[in-house]
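In what follows, a structure is listed as structure tokens, so that the remarks can point back to it.
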């Protein structure tokens, strides 16, 4: 039987129409601005006729079924086939993955040679089944119908059960199926390339049908058909390459035979070679014809498909064809598709384009054919370095790096300068790719044609170029990011400690070069010995055992290389704080045990001497902190030579303590402060405060002089800030070190009383310093005070530490007010100065975030009452950009502490903002921008109640109840609404989170309050806030529309209990609570509807929930309206709710309406205290 051509091939139209309610023709994706065929229809095809529109009711197919209902159920119409199709052997084998694909293909080829029609139908039904379609192509359909008619019949029989289909599903099983599907189609062509491929039936029929599937409006057909067609095309490319090779061999043999003399030339051999040449030529033409059909019939239309996966698939396969069959596909006519698709909006599509170009530019033979493409699309490639998707940007930078090797002159200096700044970005992968580009283009000494080999492996040249780039770029001041970017490609050069040390000891570098090289040395030492990325490049990762061994080896090698040179470097740069601090950090990267095992005691003595000299010369915090950390490392208990570090620490402490006592005495006794004495005292206290952080200096009794200074400031206010700030730090560390010295058991009471007195003294002095005129003193006092309250808070006496209960430091009301006022003045009312630069603003923002975090920790650890958080929560919307993460985390943690109190705190925040606005602007606030901000804040708060409504029910009811009382409590002028009535609009933002029965209860409660005040009901109120809030409480039906009839407030009657005739029968239980699971939505056009619903659970007897007696007249409310928001803040397991039988309604006492409505908010029922 000869293959049939489709009606499209015979001149059919290219339009496409919908065939089912849920299927429509795919619109074309956006075309690049420079595409020449931008106006063509991308959904058309050159092969298949479009599906004719199907009427709502077609003619009956088959014998009559008897009495058929006029409106059959969708489930009856979804699958017209009365019996399930026979299982497909190929589909089952590929799905199970128990049979090798080669074996499966060989068996199918044998069956094809015996009966090609049945075997082809098996392959065809395998493809159809892989689309997720349950329909079957029968022999009769195959013989009598065109391809377009077959696809239309399959579309009608699709019976979709899910929006997913086999080749689009995730999971290991379906990824394996997709790989087997592609492998089977490719193997069928490759293993039959010597026989069945040229029978003029298999390939034409298969390509024609796949082209029709690829043009289908059904996504499953279109995606699977495109995938199959492109994989067949890839196999045909391989076959064509084999034919080319065979033709070349045949041509060589033919030329060799012709070159022989007349007597030696074989006539029969010549004729055989000529026949073979003609046969190969015909086969080549046939294969190229099939490839051209697939390319023009599938690829040209589908590379702009609306589905991103199809577009990405087209680009991936096109790259494969170009790499494999360069002579045919590596042309400007094919490269233009990749160039156009570089503008695609989807990440995966752009990514496949870039990966295809990487393979083409990676070979010099293929890169030579891409000069025109490079000149046309190079600008776009360079711009994609800043792609919004980091994965795409990484591959683009790798592509540009490949172009440096194969096309040296393709990238200009301006193009390269667009890539260099990327080494400082926060993405580690992108920065590493840019670092490789930078190294290959600018830093690698081996790329210099005029280089002269040196003994240090050209590392000196590398560091000179690196210094030049770091200083001339002026993009970043922190060398750690540059080192981290270059670590993967230039790690061995950056670990050349000897060369860096020798360059620093020489005199040939300028001051800026020395500073930059010291920073590079410190960053590379930290990278080699710790492996932690810089701040912002990802969290620290725990190293593996192999990495730990490598880091230990690097630490030992670093010590041997720099231990002799470090004292000299410190001596040379000890006067420069910017160079001394990084060198002291290098000391902490040493394996300090090598000083003992390697007989380097002399170098250790020199380092300790230089360390003391640095401490005496500098007062800058960065240098003193680096020196303190280095000294702490040298005094580690596990070191054999720790006694020398302890001796240096003791000598420095003695010297500083004596000087501190003298300076403090002079300051307290002097009538006028001398500048030299003041500077000396401030420098001494700064050194002591820094040392106190890492070293125990309590034996030197520094608490008394520092506390006397603070007391003098409190009494007279004459102590300057440069002395007060380190004094506050010293007394703080003193009490913390004393707390750490307390024994775990049998604590002496005298020691406890002494520590308690010191803690109380420090807290009192810091509280007084909160009102100091200097902002630095106030901030330091706040930080110390918040830390003390946290350390000596309620958790101190927990976990078996009851003996420490006398040390607790509870904050009084005055202190809490001062802390809140300080937060308002220094965190939420800060106005940046116009003269501040960007770096100063960032530092100030960081300091304000520290202050806010300290206050929030006091709330989270129960040091302050939860209501104190209202001063923080009310600024959540206005300061979301600066402090949103801190406030959001505080909201989540405090919610877990006490949901009801947490809800009251949220309401308190809104009430405070409302009161402030009324005081500022008067009663007309509804149109004010600040009022809209309050509503927006309420909407943000309401998102925290989105899920787990049963858990939040009591808290949300309490919030609404207190909010209603607040809105109605301030009486206005006669005939005018209350002043706080606009607060009901704010409260309406929380109404969508209510359970449906609770909406009715709150509406009844609101009507009762309106009735007591002589107002009309909310639905007829003349005031918009009351009307808006009443509408927000209206129960909604299943379609989301408001119920037209308000809930009756009269007593229940017998008619109210009579079931409706057109409604489904009610359950015997009178509980109004439905199941906690919402009904499953219908996902697709053929999903079943109206199926049996899961049984409902009775929740009325749960603790804290309303009894069903008060809800019997709202029995029609049988479904929750769960509001799922995209900004849901937590993911918790749903709470299990118990169930029990309800009390029969006839046994319940009858209550008057007023008593019943008042009982709705009884504290014994809802657990809400009356205000």
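In the numbering used here, the protein residues as written are 877 to 2047. Heads up, the beta-carbon is just placed ideally off N, CA and C, and yes, glycines get one too. Owing to the predicted nature of the structure, the values given are computational and were not obtained by experimental measurement.
8 Å Cβ cutoff met for residue i and residue j
i	j	result
residue 1439	residue 1449	no
residue 1322	residue 1381	no
residue 1232	residue 1191	yes
residue 1399	residue 1355	yes
residue 1682	residue 1618	no
residue 1374	residue 1413	no
residue 1343	residue 1319	no
residue 1203	residue 1164	no
residue 1486	residue 1446	yes
residue 1582	residue 1607	yes
residue 1141	residue 1147	no
residue 1237	residue 1275	yes
residue 1529	residue 1576	yes
residue 1781	residue 1822	no
residue 1551	residue 1542	no
Residue i classed as buried or exposed, judged by whether at least 16 other C-beta atoms fall within 10 angstroms
i	result
residue 1545	exposed
residue 1026	buried
residue 1081	buried
residue 1874	buried
residue 1410	buried
residue 1738	exposed
residue 1547	exposed
residue 1565	buried
residue 1007	buried
residue 974	exposed
residue 1700	exposed
residue 1136	exposed
residue 1580	exposed
residue 1311	buried
Proximity winner among the options, relative to residue i (alpha-carbon distances)
i	options	result
residue 1145	1160, 1154 and 1129	1129
residue 1538	1524, 1560, 1526 and 1527	1560
residue 1181	1165, 1197, 1220 and 1252	1220
residue 1254	1215, 1099 and 1242	1215
residue 1392	1120, 1348, 1699 and 1437	1348
residue 1616	1797, 1158, 1574 and 967	1574
residue 1305	1268, 1276, 1421 and 1772	1268
residue 1230	1671, 1756 and 1273	1273
residue 1085	1298, 1021, 1111 and 1046	1021
residue 1806	1764, 1862, 1843 and 1637	1862
residue 863	986, 1002, 990 and 988	Residue numbering for the chain in the displayed model covers 877 to 2047; residue 863 lies beyond these limits and cannot be assessed.
residue 1697	1110, 1185, 991 and 1727	1727
Residue i: first and last residue of the uninterrupted alpha helix (DSSP H) it sits in
i	result
residue 1249	1247-1259
residue 1283	Taken as a continuous stretch (DSSP letters only), residue 1283 belongs to no alpha helix (DSSP H), as it is neither H nor E.
residue 1602	1597-1616
residue 1050	1048-1066
residue 1807	1805-1818
residue 1378	1373-1381
residue 1553	1551-1570
residue 1886	1872-1888
residue 1073	Neither: residue 1073 is in no alpha helix (DSSP H) and is coded neither H nor E.
Residue i (DSSP reduced to helix, strand or coil)
i	result
residue 1479	helix
residue 1014	coil
residue 1901	helix
residue 1466	coil
residue 1787	helix
residue 1495	coil
residue 1633	helix
Residue i beta carbon near the ligand NAD (any heavy atom closer than 7 Å)
i	result
residue 1798	Annotation note on the ligand NAD: not contained in the displayed structure, which lists no ligands.
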